[in-house]
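Asks: Residue numbers (my numbering): 9 to 93. By construction, the Cβ of each residue, glycine as well, lies at the ideal position given by its N, Cα and C atoms. Since we're looking at a predicted model, the values are computed, not measured. Could you have a look at this structure, given as structure tokens, before my questions?
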């Protein structure tokens, strides 16, 4: 008599992230870290930053979320602002 293993269910796509984190799918860890850190940075320092700095960070966050911008190494919001000025 030959053993026949039980039939396995095939899951396509795996676990799905919660709606508020769907944008993270396919992004690098450095990009996700930057977007999260920049969001927190803006919450704390928005009133102290120049309008063009706020816009630069918000644009970077939006571009990361849409896939237009990606980081391969970790950057802080301060480092990013120094690079774009």
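1. Locate the alpha helix (DSSP H) running through residue 73, then write down its first and last residues.
2. Just how far apart, CA to CA, sit residue 62 and residue 87?
3. Starting from residue 85, trace the alpha helix (DSSP H) in both directions and tell me its first and last residue.
4. Does at least one heavy atom of the ligand SAH sit under 8 Å from the Cβ of residue 71?
5. With distances taken between CB atoms, is the gap from residue 69 to residue 47 smaller than 9 Å?
Replies: Taking the definition as stated:
1. 59–74
2. 14 Å
3. 85–92
4. Within the structure as shown, the ligand SAH is missing, as the structure has no ligands at all.
5. yes
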